[in-house]
Amino acid sequence: MNKKSFTLLYLVISTAANILLTVLVITALVLGSFALLRFVFHVESSSIFSAALMVCLVGGLLLSFFLYNKISAAVIRHFGFEDKFDDSMFKIRTGVNADKKKEAKPRKQTNMPSSVLDDSEE
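Under the working numbering, the first residue of the sequence shown is numbered 649, with each subsequent residue one higher.
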């Protein structure tokens, strides 16, 4: 299996896992917050439940995004997938190859002709 097909296969599987993770996180947050509002705080207002639902949806999306990035980077490191991916896809996004930073280019030095320089610079 070449790098591009392995990368495509990993992206398809990880996308399905990301969708499942997002649904599970949002469901857990919604059920937890509704149970908390209903049984602990004894709230009966539907507007509070609506606001809690919106907060759970946004919070679930953010939390699942954070968890997916952490889990994905851990899986790549654990199974040694760094060398199996296409170079253009994963090196920047996951930060897995942060230890293999490119060497910095030498800084260009401007050489001015002596006719332009001040007396102190010569």
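Don't be surprised by glycine CBs; every beta carbon is placed ideally from N, CA and C.
Note to self: I'd like to check one pair, A665 with L685: are the Cβ atoms closer than 8 Å?
What the structure shows: Residue numbering aside, residue 685 sits at position 37 when the sequence shown is read from its first letter. Residue numbering aside, residue 665 sits at position 17 when the sequence shown is read from its first letter. Going by C-beta atoms, L685 is not nearer than 8 Å to A665.
Check: Under a Cβ-count criterion, where at least 16 other Cβ atoms within 10 Å of its own Cβ denotes burial, should F733 be classed as buried or exposed?
Finding: As a position in the sequence shown, residue 733 is number 85, starting the count at 1. Classification of F733: buried, given that the 10 Å Cβ count is 16 or more.
Next item on the list: Spell out a yes or no on whether the segment 666 to 682 and the segment 695 to 713 are touching, meaning 3 or more CB-CB pairs, one atom from each, closer than 8 Å.
Entry: yes
Note to self: By the three-class DSSP mapping on this structure, what secondary structure does E692 have?
What the structure shows: Position 44 of the sequence shown, counting from 1, holds the residue named residue 692. In this structure, E692 counts as coil in the three-state DSSP scheme.
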